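Keeping their order, the protein sequence lines are chains A and B.
Residue numbers for the first sequence follow my numbering, so the first one is 91 and each next one is one higher.
Residue numbers for the second sequence follow my numbering, so the first one is 576 and each next one is one higher.
Quick reminder that beta carbons are idealized off the backbone N, C-alpha and C, glycines included.
No experiment lies behind these values; they were computed from the predicted model shown.
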Amino acid sequence: MAIGLNLHRFANPGRFLRLAGALLPWLAAGAAVLFAIGLYLALIGSPPDYQQGDTVRIMYIHVPSAWMAMMGYALLGASGASALIWRHPLADVAAEAIAPVGAGFTFVALVTGSLWGKPTWGTYWVWDARLTSFLVLFFLYVGHIALTHAFDDRQRGRRSAAIIAIVGLVNLPIIKYSVDWWNTLHQSESILRMGGPSIDPSMLWPLFVMGLAFLLYFFAVVMTRMKAMLLEARHRSAAFAR
Amino acid sequence: MGTLGSGGFLAMGGDAAFVWPAYGVAALMLAGFAWLSWRRLRSAERALERIAEADPAMSDDA
């Protein structure tokens, strides 16, 4: 109950707008600095892999993109639940802000993975569990965006989109464990695994810096989009009132 | 060892054709979303400012 009350303190758009106004410059500046450091480490400061050579550098954008794609979808599902169950007034705005950004990260993860697959596996694409479930993630995002805009009654579109967001959550554990449950060309988990990460610190650090840069970027862009949508809504009601 | 030679930075050990398009796609997506979101916010702010100028009573809760 206390958590619910606390969450609703941020339900007020005015409060959110002030919070976003205070956070956005820091998120944007932090992302810019971390991208500069991360790109240097990824392209120059880290060694080529002893087997993959320089193609391993694709990892520093592929893996963070995939992280953001999955985190974005988890947030999309949570927003859908908040909208349907608690009628949280910001939840629909959050979902509409997140979906295209998440779709963008999913697309980048798929394309960079394909470009990494060709030199290392010998193929751009294979219909195995990890790749296919990630393609499904992309279609879930696209379906969410399409449903949001599919009805003249915006509220109906948002409710339908919230349902697909929640149903699609089942795909997240499938993606995560696909490399363990099925035989797949994709390598298995090397960061969040029992016994600690299996990749060398000289590659782990650039990956973490890039991951953090992607994370700050994600929230900066989503907050900017939410802020823009709330101001657009304020403008619509002000124009209507005149 | 120049930047363009076979051992250079841009050659990426012979894998330039895979590494640079991957970074290019990521850069386009990241820059594109950042720019579009920022532009959308700016135009929303400007639209509200115009209303506030036309009718100051509308902008009391900004």
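Skipping 5 residues on each side, what residues in its chain have a beta carbon closer than 7 Å to that of residue i?
i               : result
A310 of chain A : L114, L117, A118 and A121
K317 of chain A : L107 and A110
S268 of chain A : A219, R220, S223 and T274
Which whole-angstrom value describes the C-beta separation of residue i and residue j, a residue pair presumed to lie in contact below a C-beta threshold of 8 Å?
i               : j               : result
S612 of chain B : T314 of chain A : 4 Å
R220 of chain A : I265 of chain A : 7 Å
I626 of chain B : H178 of chain A : Actually they are not in contact, since the Cβ atoms of I626 of chain B and H178 of chain A sit about 27 Å apart, beyond 8 Å.
Given residue i, which residues of its chain have a CB within under 8 Å of its CB, disregarding the five upstream and five downstream residues?
i               : result
G577 of chain B : Any reading at G577 of chain B must be qualified, since the residue scores a pLDDT of 45, below 50, and its modelled position is unreliable; the value itself is stated next. Around G577 of chain B: G583.
T145 of chain A : D139, W206, P209 and T210
V544 of chain B : The structure shown has nothing for residue 544 of chain B, since chain B only spans 576 to 637.
Could you tell me if residue i is buried or exposed, where buried requires 16 or more neighbouring beta carbons within 10 angstroms of its beta carbon?
i               : result
S169 of chain A : buried
F224 of chain A : buried
Y307 of chain A : buried
I93 of chain A  : Any reading at I93 of chain A must be qualified, since the residue scores a pLDDT of 49, below 50, and its modelled position is unreliable; the value itself is stated next. Its Cβ having fewer than 16 others within 10 Å, I93 of chain A is exposed.
H234 of chain A : buried
R147 of chain A : buried
G258 of chain A : buried
L282 of chain A : exposed
Would you list the one or two residues that DSSP bridges to residue i?
i               : result
G143 of chain A : A:D139
Would the C-beta of residue i count as close to the ligand ATP, meaning under 7 Å from any of its heavy atoms?
i               : result
L275 of chain A : The ligand ATP is not part of the structure shown, which contains no ligands of any sort.
Measuring only the C-alpha atoms, how far is residue i from residue j?
i               : j               : result
L174 of chain A : T213 of chain A : 42 Å
L305 of chain A : A126 of chain A : 14 Å
A252 of chain A : W217 of chain A : 28 Å
E628 of chain B : I134 of chain A : 52 Å
L124 of chain A : A156 of chain A : 18 Å
G621 of chain B : S327 of chain A : The amino acid occupying residue 621 of chain B in the given sequence is Arg; Gly does not appear at that position. Cα-Cα distance, rounded: 15 Å.
G301 of chain A : P154 of chain A : 5 Å
N96 of chain A  : A185 of chain A : Bear in mind that the predicted position of N96 of chain A carries a pLDDT of just 48, short of 50, making it unreliable; the figure below should be weighed with that in mind. The alpha-carbon atoms of N96 of chain A and A185 of chain A are separated by roughly 20 Å.
L230 of chain A : S280 of chain A : 26 Å
V299 of chain A : A329 of chain A : 45 Å
To which residues of the same chain is residue i closer than 6 Å at the C-beta, ignoring the five residues directly before and after it?
i               : result
I188 of chain A : G162, L165, L166 and V312
F241 of chain A : G247
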